[in-house]
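Novice: For what it's worth, full-length UniProt numbering labels the leading residue of the sequence shown as 1, then goes sequentially.
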Amino acid sequence: MTRPLLQVKELIKRFKEREVVKGISFSVAEGSCAALLGPNGAGKTTTISMLAGLLQPSGGSIELLVNGSPVPDRRPYIGYLPQTPVFYPWMTGKEFLLYAGELAGLKSREAALETAEWLEAVGLKDAGNRKIGGYSGGMKQRLGLAQALIHRPKLLILDEPVSALDPAGRKDVLSLLQRIRQETTVLFSTHVLHDAEEICDEILMIREGEIALVGSLDHIRRTYSEPVIRLEVGGDEASRAWLAAVGAKDFVSQAETSGGRAKLTVTDVEQASLALMADAVAHRVMIRSLEAGQSTLEDLFLKVVQS
Ligand SMILES: Nc1ncnc2c1ncn2[C@@H]1O[C@H](COP(=O)(O)OP(=O)(O)OP(=O)(O)O)[C@@H](O)[C@H]1O
Ligand SMILES: [Mg+2]
């Protein structure tokens, strides 16, 4: 069992009378990557801003533990990339990192060394002397990551680091994060579940300011994943009618049907597949595809969010 790096207890945020973070408690283990998941308005940015020290909590406590004991000021140990980072377009990437390094308390020599190193690490070595105004979205986000890492923080906090990027930019930043997480503890918010599944090992789902689900990805998968069959049938009326009725079979515990497709939660994938195919043959239904598998984190997310 690894020890916690961040410990959050009963954290509350109120804006006027309205409580938007309602006493959440969780911890992030040293060396882990935790994804903060939740729909729009769930309270992700508010929570992250409190963790990063930019927003005063209305209640509760946040502790960062270095070598097992809480530090009085956690900010020097945290690197933070906001949801919509702001850059000075007239600065070059290199100038910006030097500036960020000195702001973070590095001596100018150190800042210069770290700047060179991080420009290289995030793949901006050649673009370092160009103005940020000419950078693509993906380049800006990589620069933002370098800025957050320049003082070698113990905890890197990112608010939706890839949601504004095109697929190429996303892939870029995600693979960079994959590398960073080998050395740094990472907490990032996202509503792109696939990204969480790809890089993280801990999941923290919030909904309306409360924790809806928390645990390791493995544990959550094991506990909540259910056998699922995805089925697509031919477009003729008989096939559609058959599909619509399939949900009533006793081995189907839940069915979602739309058009010629159905997602069936079943008790046993193997038996259910065989029974479905036999039944389809008997009714002369054309099966276009049948895929047997497990429910995904996305299915679970939707279930948690909608419940
Ligand atoms: N400064 C503020 N004053 C008043 N209400 C606020 C303030 N900041 C956030 N809120 C409210 O708090 C709730 C949570 O907002 P927050 O930005 O934390 O959500 P989020 O999970 O980050 O959403 P998104 O996925 O859209 O980024 C929302 O209802 C929002 O309107
Ligand atoms: Mg947000």
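No residue lacks a Cβ here, since even glycine has one placed at the ideal position from N, Cα and C. Remember, predicted model here, so these are calculated numbers, not experimental data.
DSSP on Met286, reduced to helix/strand/coil?
Specialist: Translated into the one-based positions of the sequence shown, residue 286 becomes position 286. DSSP places Met286 in coil when its eight states are reduced to three.
Novice: Identify the continuous alpha helix (DSSP H) that holds Gly144 and give its terminal residues.
Specialist: Within the sequence shown, the letter at position 144 stands for residue 144. Gly144 -> alpha helix (DSSP H) spans 137–149.
Novice: Compare the Cα-Cα distances from Gln83 to each of Gln141, Ala111, Arg74, Phe96 and report the closest residue.
Specialist: By one-based count along the sequence shown, residue 83 stands at place 83. Minimum Cα distance to Gln83 is reached at Gln141.
Novice: Give every residue of the same chain whose Cβ lies closer than 6 Å to the Cβ of Tyr135, excluding the five residues on either side of it in the sequence, and list them in chain order.
Specialist: Sequence index remark: in the sequence shown, residue 135 carries index 135 (1-based). Excluding positions up to five away in sequence, the list is empty.
Novice: Would you give the residue range spanned by the beta strand (DSSP E) that Ala35 belongs to?
Specialist: The count along the sequence shown starts at 1 and reaches residue 35 at position 35. Per DSSP, Ala35 belongs to the beta strand (DSSP E) from 33–37.
Novice: Hey, out of Asn40, Ile211, Arg181, Ala121, whose CA is closest to Lys22's CA?
Specialist: Here residue 22 is taken as the residue at index 22 of the sequence shown, counted from 1. Ranking the options by Cα distance to Lys22, first place goes to Ile211.
Novice: Quick check: does the Cβ of Asn67 come within less than 6 Å of any heavy atom belonging to ligand 1?
Specialist: Within the sequence shown, numbered from 1, the residue matching residue 67 stands at position 67. No, the Cβ of Asn67 stays beyond 6 Å of every heavy atom of ligand 1.
Novice: Val186 to Gly293, Cα distance in whole Å?
Specialist: Translated into the one-based positions of the sequence shown, residue 186 becomes position 186. Translated into the one-based positions of the sequence shown, residue 293 becomes position 293. Their Cα atoms are separated by approximately 30 Å.
Novice: Give me the Cβ distance between Leu149 and Gly79, rounded to the nearest whole Å; I'm assuming they're in contact under 8 Å.
Specialist: As a working note, residue 149 is residue 149 in the sequence shown. As a working note, residue 79 is residue 79 in the sequence shown. Yes, Leu149 and Gly79 are in contact; Cβ-Cβ is about 5 Å, under 8 Å.
Novice: Following a CB-centred definition, is Phe188 positioned closer than 6 Å to any heavy atom of ligand 1?
Specialist: The count along the sequence shown starts at 1 and reaches residue 188 at position 188. Checking the Cβ of Phe188 against ligand 1 gives no.
Novice: Relative to the alpha-carbon of Ser189, which residue among Arg75, Arg179, Leu174, Gln182 has its alpha-carbon at the smallest distance?
Specialist: Locating residue 189 in the sequence shown gives position 189, where the first residue counts as 1. Nearest C-alpha to Ser189: Leu174.
Novice: Are the beta-carbon atoms of Ala35 and Ile203 separated by less than 7 Å?
Specialist: One-based indexing of the sequence shown puts residue 35 at position 35. One-based indexing of the sequence shown puts residue 203 at position 203. For Ala35 and Ile203, yes; Cβs fall inside 7 Å.
Novice: Please state whether DSSP places Thr190 in a helix, a strand or coil.
Specialist: Along the sequence shown, one-based indexing puts residue 190 at 190. Thr190: strand per DSSP, three-state reduction.
Novice: Assuming contact is defined by CB atoms lying nearer than 7 Å, are Val162 and Pro227 in contact in what I supplied?
Specialist: Along the sequence shown, read from residue 1 onward, the residue named residue 162 stands at position 162. Along the sequence shown, read from residue 1 onward, the residue named residue 227 stands at position 227. No, these two residues do not count as a Cβ contact at 7 Å.
Novice: Compute the beta-carbon to beta-carbon distance between Leu213 and Val304, rounded to the nearest angstrom, for a pair I have assumed lies under 8 Å.
Specialist: Against the sequence shown, residue 213 aligns to sequence position 213. Against the sequence shown, residue 304 aligns to sequence position 304. That pair is a contact at about 5 Å.
Novice: Considering Ile132, what are the terminal residues of the alpha helix (DSSP H) in which it resides?
Specialist: Taking the sequence shown and counting its residues from 1, the one referred to as residue 132 is at position 132. No alpha helix (DSSP H) contains Ile132, which DSSP labels as neither H nor E.
Novice: Would you mind sorting residue 315 into buried or exposed? The rule is 16 or more other CB atoms within 10 Å of its CB.
Specialist: Outside the modelled stretch of the chain, which goes from 1 to 307, sits residue 315, for which no answer is possible.
Novice: In this structure, how does DSSP classify Gly93 when only helix, strand and coil are distinguished?
Specialist: Walking along the sequence shown from the start, residue 93 turns up at place 93. Helix, per DSSP.
Novice: Please determine, among Leu5, Gln56, Pro39, the residue with the shortest C-alpha to C-alpha distance to Phe15.
Specialist: If you number the sequence shown from 1, residue 15 lands on position 15. Nearest of Leu5, Gln56, Pro39 to Phe15, Cα basis: Gln56.
Novice: What do you reckon, are the CB atoms on Leu81 and Gly133 nearer than 7 Å?
Specialist: Locating residue 81 in the sequence shown gives position 81, where the first residue counts as 1. Locating residue 133 in the sequence shown gives position 133, where the first residue counts as 1. No, the pair does not count as a contact, with Cβ atoms beyond the cut-off.
Novice: Kindly list the residues whose CB is nearer than 7 Å to the CB of Ala104, restricted to its own chain and excluding five residues on each side of it in sequence; keep chain order.
Specialist: Position 104 of the sequence shown, counting from 1, holds the residue named residue 104. Excluding sequence neighbours, Ala104 sits near Ile150, His151.
Novice: Give me the Cα-Cα distance between Trp118 and Leu177, rounded to the nearest whole angstrom.
Specialist: Position 118 of the sequence shown, counted from the start, is the residue given in the question as residue 118. Position 177 of the sequence shown, counted from the start, is the residue given in the question as residue 177. So the two alpha carbons sit approximately 13 Å from each other.
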